[in-house]
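Going by the numbering used here, the letters in the sequence shown line up with residues 3 to 168, in that order.
Every residue gets a Cβ at the ideal spot worked out from N, C-alpha and C, and that includes glycine.
Because the structure is a prediction, the values reported are computed rather than measured.
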Amino acid sequence: MRGRRGRMDKILLGAAVLTAGLLQAGHAGAADLKIGLAVAMTGAYAPYSEAEGARCMADRLNKAAGANDPKVELMIEDNRSDPQLSVSLGQKFLDAGAQVITGVPFPDALIPMAQTAQPYGATVFSAPNTQLEMQQAGLDNFIAGAVPDPINASAAANALYGKGAR
């Protein structure tokens, strides 16, 4: 059961990455959408890579797209679970025309990636990021697919307290 759930999580993460990208392409009026994914194919975070899900969704979207619809082009490279390598790969993707980039889902990678992406008009997306630092950084080109930990924990505690948990 765990293997199936893990595959579904990866597909959902990939779908979220592509959704953020399509929103960017629609906003920018781009003919095609280039997404740069600096993902962990090796290293400590490899089990959580969204590459498989992103490939699956890009393939499905491209097959379903009409002749005049934007096509999704993925640029995927291994960041070896290294935040600094994510930043370097992000720059490489931006130089290749990526409109959306992502990397190791932690502020030490995502904040510099978002700062680098800003002059390009590109978006940095991270489906699993829950760190409050990303919201506090004041970056208007960062999208998270999750609620920051302190807000999520507070909401859960309030809901449980409201149901009588003590």
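Any idea what DSSP makes of residue i, helix, strand or coil?
{"i": "M115", "result": "helix"}
{"i": "K94", "result": "helix"}
{"i": "D34", "result": "strand"}
{"i": "M136", "result": "helix"}
{"i": "A27", "result": "Its pLDDT being 49, under 50, A27 is placed unreliably in this model, and the coordinates cannot settle the point."}
{"i": "D110", "result": "helix"}
{"i": "A53", "result": "helix"}
{"i": "C83", "result": "First, the residue type needs correcting, since residue 83 is Ser and not Cys in the sequence shown. It is coil, neither helix nor strand."}
Output the distance between the C-alpha atoms of residue i and residue j, rounded to the nearest integer angstrom.
{"i": "A161", "j": "K65", "result": "42 Å"}
{"i": "A98", "j": "N154", "result": "36 Å"}
{"i": "M136", "j": "F95", "result": "21 Å"}
{"i": "A146", "j": "A159", "result": "22 Å"}
{"i": "A148", "j": "K36", "result": "23 Å"}
{"i": "R168", "j": "N143", "result": "40 Å"}
{"i": "D61", "j": "V74", "result": "8 Å"}
{"i": "A100", "j": "G164", "result": "45 Å"}
{"i": "R82", "j": "P49", "result": "12 Å"}
{"i": "A157", "j": "E52", "result": "27 Å"}
{"i": "G123", "j": "G45", "result": "30 Å"}
{"i": "G166", "j": "P150", "result": "25 Å"}
{"i": "R4", "j": "L63", "result": "Residue confidence is low: R4 scores 47 on pLDDT, short of 50, so the model does not pin down where it sits. No coordinate-derived value is stated."}
{"i": "T104", "j": "T125", "result": "9 Å"}
Assuming residue i and residue j are in contact, meaning their beta carbons sit under 8 Å apart, how far apart are those beta carbons, in whole angstroms?
{"i": "P152", "j": "L134", "result": "6 Å"}
{"i": "I78", "j": "V102", "result": "Incorrect: roughly 13 Å between the Cβ atoms, too far for contact."}
{"i": "M43", "j": "D80", "result": "4 Å"}
{"i": "G92", "j": "G38", "result": "7 Å"}
What residues in its chain sit with their C-beta under 6 Å from that of residue i, if we drop five residues either side in the sequence?
{"i": "I113", "result": "A139"}
{"i": "Y47", "result": "S83"}
With a threshold of 7 Å on Cβ separation, who are the neighbours of residue i within its own chain once the five nearest residues in sequence on each side are excluded?
{"i": "Q120", "result": "N143"}
{"i": "L76", "result": "I37, L39, A56, R57 and A60"}
Are the C-beta of residue i and some C-beta of chain D separated by less than 9 Å?
{"i": "R82", "result": "Note that chain D does not occur in the displayed structure, where there is just one protein chain."}
Counting only the same chain and skipping the five closest in sequence on each side, list residues whose C-beta sits under 8 Å from that of residue i.
{"i": "T118", "result": "V89, G92, Q93 and L96"}
{"i": "D34", "result": "A27, P72, K73, V74 and E75"}
For this session: Please determine if the stretch 107 to 118 and the stretch 81 to 92 are in contact, where contact requires at least 3 C-beta pairs separated by less than 8 Å.
Result: yes
Exercise. Quick check: the stretch 64 to 74 against the stretch 126 to 140, are there 3 or more CB pairs under 8 Å?
Worked result: no
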